[in-house]
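Numbering (our numbering), first residue to last: 315 to 481.
Note that CB positions come from ideal geometry on N, CA and C, so glycine has one too.
Computed from a prediction, not measured in an experiment: that's the story for all the values here.
All remarks here apply to the structure that follows.
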């Protein structure tokens, strides 16, 4: 008789504990395998549209000597290798296509690896010609109209990108 009372008490306690903890857990936390996240799938990220046209990407070679080939491959082909280097990119304030291209590059990299800010176009060209920038993205039309001149011996190198592909 005493064993029956203990069994009833134990089963009642377990039922109350399940109702207090188990039912809310099942309601608020989906069962295993039903949360929609696959362990092996990559993160889904919507990239900004590829802008059309030709772009001039300026990159300071002296600041990115170790990962130069990786950065060039990323900018030209979209080929993303592990790069531990950060970029501080300048974009002309009046060049919306260049801004869109820079935002696309930024979206493809880990958070805060590609930091972007807008700059007055004339000041940006002056910084580029004197080697005083890390990176910049300009549309070819704006670069031509501002008469951007980067010589071969300059630390800032020109990478041409056309319609999001290598040119």
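Counting pairs of beta carbons, one from the segment 394-401 and one from the segment 359-370, are three or more of them closer than 8 Å? no
For residue 425, which three-state DSSP category applies? To locate residue 425, count along the chain shown from 1; it is residue 111. Looking at residue 425 - three-state DSSP - the assignment turns out to be coil, as it is neither helix nor strand.
Count the other C-beta atoms from every protein chain shown that fall within 10 angstroms of the C-beta of residue 444, then say buried if there are 16 or more, exposed otherwise. Here residue 444 corresponds to residue number 130 of the chain shown, with the count starting at 1. Under this definition residue 444 is an exposed residue.
Let me check understanding here. Comparing Cα to Cα, which of 407, 449, 409 and 432 lies closest to residue 378? Position 64 of the chain shown, counting from 1, holds the residue named residue 378. Considering only alpha carbons, the answer is 449.
Here's the rule: buried if 16 or more other CB atoms are within 10 angstroms of the residue's CB, otherwise exposed. What is residue 324? In the chain shown, the residue the question calls residue 324 occupies position 10. So residue 324 ends up on the exposed side.
Would you mind working out which of 465, 337 and 361 sits nearest residue 424, comparing C-alpha positions? Translated into the one-based positions of the chain shown, residue 424 becomes position 110. It is 361.
Sequence ranges, alpha helix (DSSP H) only - wholly within the segment 420-470, length at least 4: 435-443 and 454-459
Closer than 6 Å by C-beta to residue 395: which residues in its own chain qualify, once you throw out the five before and the five after it? Chain order, please. Stepping through the chain shown from its first residue, residue 395 is reached at position 81. Only 384 meet the Cβ criterion.
Looking at residue 389: is its Cβ nearer than 8 Å to the Cβ of residue 475? Start at 1 with the first residue of the chain shown, and residue 389 comes out as number 75. Start at 1 with the first residue of the chain shown, and residue 475 comes out as number 161. Closer than 8 Å, so yes.
What separation, rounded to the nearest whole angstrom, lies between the Cα atoms of residue 469 and residue 363? On the chain shown, residue 469 is found 155 positions in, with the first residue counted as 1. On the chain shown, residue 363 is found 49 positions in, with the first residue counted as 1. Spanning the two alpha carbons is a distance of roughly 31 Å.
Can you list, in chain order, the residues of its chain with a C-beta nearer than 7 Å to that of residue 438? Leave out the 5 residues immediately preceding and following it. Position 124 of the chain shown, counting from 1, holds the residue named residue 438. Cβ neighbours of residue 438 beyond the five flanking positions: 404, 406 and 450.
Considering only the beta carbon of each residue, do residue 460 and residue 436 sit closer than 8 Å? For the purposes of this step, residue 460 is taken as residue 146 along the chain shown, with counting starting at 1. For the purposes of this step, residue 436 is taken as residue 122 along the chain shown, with counting starting at 1. Cβ distance < 8 Å, so residue 460 and residue 436 count as in contact.
Counting only the same chain and skipping the five closest in sequence on each side, list residues whose C-beta sits under 7 Å from that of residue 386. Here residue 386 is taken as the residue at index 72 of the chain shown, counted from 1. If we look at residue 386 and ignore the five residues flanking it on each side, its Cβ neighbours are 473.
Distance CB(residue 421)-CB(residue 453) smaller than 8 Å: For the purposes of this step, residue 421 is identified with residue 107 of the chain shown, where counting begins at 1. For the purposes of this step, residue 453 is identified with residue 139 of the chain shown, where counting begins at 1. Not a contact, by the Cβ cut-off of 8 Å.
Let me check understanding here. Comparing Cα to Cα, which of 414, 339 and 376 lies closest to residue 446? Residue 446 sits at position 132 when you count from the first residue of the chain shown. Comparing Cα positions, the closest option is 376.
Along the chain, where does the alpha helix (DSSP H) containing residue 388 start, and where does it finish? The count along the chain shown starts at 1 and reaches residue 388 at position 74. Run containing residue 388: 382-391, per the alpha helix (DSSP H) assignment.
Report the rounded CA-to-CA distance for residue 335 versus residue 320, giving the unit in angstroms. Position 21 of the chain shown, counted from the start, is the residue given in the question as residue 335. Position 6 of the chain shown, counted from the start, is the residue given in the question as residue 320. Rounded to the nearest angstrom, the two C-alpha atoms are 22 Å apart.
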